[in-house]
Amino acid sequence: MSDAYEFPQARLLILVKAPVPGRVKTRLAGRLGARGAAVLYQKLVRRTLRLAHAARLCPIELWCAPDAWHGFFVACRREHGARLRRQCAGDLGQRMNHALNRALAAGHPAVLIGGDCASLGEAELRAALGLLAAGHEAVLGPAADGGYVL
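With the working numbering applied, the sequence shown closes on residue 152, and no number is skipped along the way.
Structure follows, in structure tokens:
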């Protein structure tokens with residue numbers, strides 16, 4: 003089935019958290035409420051997965067916290083064919099490093115994104131994967147807030 007992907011050797015690593023009210027999108031909870039923020043987070047993750055799955059760029063790995071067996075993650079696997087992986091303990095940098103190192107150690111170029119990044123589209127993912135396939139060691143995508151999205 004890997005030949006159905008544009009970049010079959012690459013992996014799209016999507017970091018996600020269980021959509022538990024009070025644990026996701028906490029800065030928005032003041033306006034949306036904890037439950038509303040969790041619902042928004044689920045919608046953003048599903049949007050990201052729909053986009054990635056429909057694009058057929060490469061296999062998708064959903065890196066889940068605190069574990070990979072939350073009902074939301076299981077539904078995402080069923081709906082979008084994502085492989086579920088458990089994030090390691092630690093801060094965001096450690097968790098990102100762990101996911102990337104696992105993919106790279108297995109010989110897969112990898113693009114890592116957050117599951118709730120609404121500004122990221124298929125064109126950006128394709129461009130990043132294309133640059134990696136062309137031999138670039140790293141690709142960064144800037145975010146409007148001064149951070150990065152991939």
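Even glycine gets a Cβ: it sits at the ideal position worked out from N, Cα and C. Keep in mind the model is a prediction, meaning the values are calculated, not measured.
Pull up the distance between the alpha-carbon of H82 and that of L142, whole angstroms please.
25 Å
Per DSSP, what kind of secondary structure is E8 in: helix, strand or coil?
coil
Which one or two residues does DSSP pair with E63 in a beta bridge?
L15 and R85
Would you kindly work out how many angstroms separate the C-alpha atoms of H100 and C90, rounded to a whole number?
7 Å
For R2, which residues in the same chain have their Cβ closer than 7 Å to its Cβ, ignoring the five residues on either side in sequence?
Residue numbering for the chain in the displayed model covers 3 to 152; residue 2 lies beyond these limits and cannot be assessed.
First through last residue of the alpha helix (DSSP H) which encompasses V47:
A31 to A57
Top-ranked residue by Cα proximity to A98, from A146, I115 and R80
The amino acid at residue 98 is misidentified as Ala; the sequence shows Met. The shortest Cα separation from M98 among A146, I115 and R80 belongs to I115.
Under the rule that 16 or more other beta-carbon atoms within 10 Å means buried, what is V18, buried or exposed?
buried
Under the assumption that F9 contacts C66 (Cβ atoms under 8 Å), give the Cβ distance between them as a whole number of angstroms.
Their Cβ separation, rounded to whole angstroms, is 23 Å, which puts F9 and C66 out of contact at 8 Å.
Is it true that the CB of L15 sits closer than 8 Å to the CB of L108?
Sequence inspection shows Ala at residue 108; the Leu mentioned does not correspond to that position. No, these two residues do not count as a Cβ contact at 8 Å.
Host beta strand (DSSP E) of A112 (start-end)
If you look at A112, you'll find it in the beta strand (DSSP E) that goes A112 to G116.
Inter-residue Cα distance where the pair is F75 and A39:
17 Å
Bridge partner(s) assigned by DSSP for P23
Bridge pairing for P23: absent [DSSP].
Measure the C-alpha to C-alpha separation of V26 and V41 and round it to an integer number of angstroms.
9 Å
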